[in-house]
Amino acid sequence: KLEQHCGLGFSFPLVSGTRELQELIKPQKVEFHSLNFNNTLHWQPGRAATGDIIYFVQYKKLLKSTASLCLPLHRYGQSLWKNKEECWGIREDFCDLTHQTSGIREPYYGRVKSVSAGVHSDWNTSSRFTPWRETKIGPPSVNVTPRNKSIQLKLQAPNSPYTRRRGSKIPMTNYYDLLYRVFLINNMLNEKNKILAYEGTDKVVKIEDLKPEVSYCVVVTSYLPVLDRSSAYSSKKCTVPL
Numbered sequence: 001k002l003e004q005h006c007g008l009g010f011s012f013p014l015v016s017g018t019r020e021l022q023e024l025i026k027p028q029k030v031e032f033h034s035l036n037f038n039n040t041l042h043w044q045p046g047r048a049a050t051g052d053i054i055y056f057v058q059y060k061k062l063l064k065s066t067a068s069l070c071l072p073l074h075r076y077g078q079s080l081w082k083n084k085e086e087c088w089g090i091r092e093d094f095c096d097l098t099h100q101t102s103g104i105r106e107p108y109y110g111r112v113k114s115v116s117a118g119v120h121s122d123w124n125t126s127s128r129f130t131p132w133r134e135t136k137i138g139p140p141s142v143n144v145t146p147r148n149k150s151i152q153l154k155l156q157a158p159n160s161p162y163t164r165r166r167g168s169k170i171p172m173t174n175y176y177d178l179l180y181r182v183f184l185i186n187n188m189l190n191e192k193n194k195i196l197a198y199e200g201t202d203k204v205v206k207i208e209d210l211k212p213e214v215s216y217c218v219v220v221t222s223y224l225p226v227l228d229r230s231s232a233y234s235s236k237k238c239t240v241p242l
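First residue of the sequence shown? That's 1 in the UniProt record's numbering, and the numbers climb one at a time after it.
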């Protein structure tokens, strides 16, 4: 069961150190990293954090309009912080919050505090994180088959971490209008000389008018027009047309 707390009114049964030391061990660069809606909170140790350090993670969704019993109001909204139980007293510098941030168009925050040598830091809070706007999209998977003076590609969008009722993964195309960009590389050319051979939504793409017995390679990206954002390149796949 997740515990809820108002503001910073959470206490640890620990010996308090000096204010300066608390600031020195405070986790730094608290931020979300997200790929295909796999949302992970990352941070770095404080400037003077050495030895045995443990971390505590909380998260919350920023509510658009709500009444709160938590007083005084604080700058990150009025919703309540919740403990991430699996990241409560951990030594890692990251915490998976994928299923705690599953409202992809909702804004969230994460925060971290550390304990070192019986001294606990203040919380350090991430910037606002809205998964739909900020997640990075992965490249599609690519299968290449040689044909007569052509090659055929079968493309499959990356999956999200979320599942349908029957258990299958929901692809990222359910959340965005994705375009595929197919780049052709003739192995006789420098790999930097990629030719855009196709852009569109087709899952099966045929690249024609190729020279037989010449090796060609392809790499593919996913492109989001609405956010003007491209994925990294897929792994390179090569074949020789028949």
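All C-beta atoms, glycine included, are put in the ideal place defined by N, C-alpha and C.
Just reading off the beta strand (DSSP E) that residue 147 is part of, what are its end residues? Along the sequence shown, read from residue 1 onward, the residue named residue 147 stands at position 147. 141-147 is the span of the beta strand (DSSP E), which, as asked, contains residue 147.
I think residue 26 touches residue 122, with their Cβ atoms under 8 angstroms apart; what is that distance to the nearest whole Å?
Locating residue 26 in the sequence shown gives position 26, where the first residue counts as 1. Locating residue 122 in the sequence shown gives position 122, where the first residue counts as 1. Right, the Cβ-Cβ distance comes to about 6 angstroms (below 8 angstroms), so this counts as a contact.
- Below 8 angstroms, can you find three or more Cβ-Cβ pairs linking the stretch 151-166 to the stretch 42-61? Of all C-beta pairs linking the stretch 151-166 to the stretch 42-61, fewer than three are shorter than 8 angstroms, placing the two stretches out of contact.
With DSSP run on the structure shown, which of helix, strand or coil describes residue 224? Taking the first residue of the sequence shown as 1, we reach residue 224 at position 224. Of the three classes helix, strand and coil, the one that applies to residue 224 here is strand, per DSSP.
Contact under 8 angstroms by Cβ, residue 115 with residue 30: On the sequence shown, residue 115 is found 115 positions in, with the first residue counted as 1. On the sequence shown, residue 30 is found 30 positions in, with the first residue counted as 1. No.
- Query: Does the separation of the CB atoms of residue 196 and residue 216 fall below 8 angstroms?
  - Reply: To locate residue 196, count along the sequence shown from 1; it is residue 196. To locate residue 216, count along the sequence shown from 1; it is residue 216. The answer is no: Cβ separation not under 8 angstroms.
- Message: Am I right that residue 135 and residue 36 are in contact with their C-beta atoms under 8 angstroms? What's the rounded C-beta distance?
- Response: As a first step, residue 135 must be located in the sequence shown, where it is residue number 135. As a first step, residue 36 must be located in the sequence shown, where it is residue number 36. Contact check for residue 135 and residue 36: beta-carbon distance about 7 angstroms, within the 8 angstroms limit, so the pair qualifies.
>> Bridge partners for residue 110 per DSSP, in chain order?
In response: Reading the sequence shown from its first residue, position 110 is the one you call residue 110. In the DSSP output, where bridge partners are listed per residue, residue 110 has 59.
Taking only three categories from DSSP, how would you classify residue 233? Stepping through the sequence shown from its first residue, residue 233 is reached at position 233. It is coil, neither helix nor strand.
Restricting to Cα atoms, I'd like to know which of 218, 43, 22 and 46 is closest to residue 139.
For the purposes of this step, residue 139 is taken as residue 139 along the sequence shown, with counting starting at 1. Minimum Cα-Cα distance from residue 139 among the listed residues 218, 43, 22 and 46 corresponds to 218.
In terms of residues, what are the limits of the alpha helix (DSSP H) holding residue 153?
Reading the sequence shown from its first residue, position 153 is the one you call residue 153. The continuous stretches of alpha helix (DSSP H) do not include residue 153, which lies in the beta strand (DSSP E) extending over residues 150-156.
Would you identify the three-state DSSP class for residue 173, choosing helix, strand or coil? Reading the sequence shown from its first residue, position 173 is the one you call residue 173. Helix, per DSSP.
Beta-carbon separation (whole angstroms), residue 60 vs residue 41, contact threshold 8 angstroms
Residue numbering aside, residue 60 sits at position 60 when the sequence shown is read from its first letter. Residue numbering aside, residue 41 sits at position 41 when the sequence shown is read from its first letter. Under the criterion of beta carbons closer than 8 angstroms, residue 60 and residue 41 do not qualify as touching, at roughly 12 angstroms.
request  = Could you check what DSSP says for residue 131 in three-state terms: helix, strand or coil?
outcome  = As a first step, residue 131 must be located in the sequence shown, where it is residue number 131. Here residue 131 sits in helix by DSSP.
Next item on the list: Determine the burial state of residue 126: buried for a count of at least 16 other Cβ atoms within 10 Å of its Cβ, exposed for fewer.
Entry: Here residue 126 refers to the residue found at position 126 of the sequence shown. Within 10 angstroms of the beta-carbon of residue 126 lie 16 or more other beta-carbons, which makes it buried.
- Query: Helix, strand or coil: which one does DSSP assign to residue 165?
  - Reply: In the sequence shown, counting from the first residue as 1, residue 165 sits at position 165. The answer is coil: DSSP assigns residue 165 none of H, G, I, E or B.
Looking at residue 212 and residue 242, is the spacing between their C-beta atoms short of 8 angstroms?
Taking the first residue of the sequence shown as position 1, residue 242 is located at position 242. Taking the first residue of the sequence shown as position 1, residue 212 is located at position 212. A contact, by the Cβ cut-off of 8 angstroms.
Point to revise | Contact under 8 angstroms by Cβ, residue 129 with residue 109 | key: Here residue 129 is taken as the residue at index 129 of the sequence shown, counted from 1. Here residue 109 is taken as the residue at index 109 of the sequence shown, counted from 1. It is a contact, given that the beta carbons lie within the stated cut-off.
So, is residue 225 buried or exposed, given that buried needs 16 or more other C-beta atoms within 10 angstroms? Counting from 1 along the sequence shown, the entry for residue 225 is found at position 225. Under this definition residue 225 is an exposed residue.
Q. What are the boundary residues of the alpha helix (DSSP H) that residue 23 is part of?
A. Translated into positions along the sequence shown, residue 23 becomes position 23. Counting along the chain, the alpha helix (DSSP H) containing residue 23 begins and ends at 19-24.
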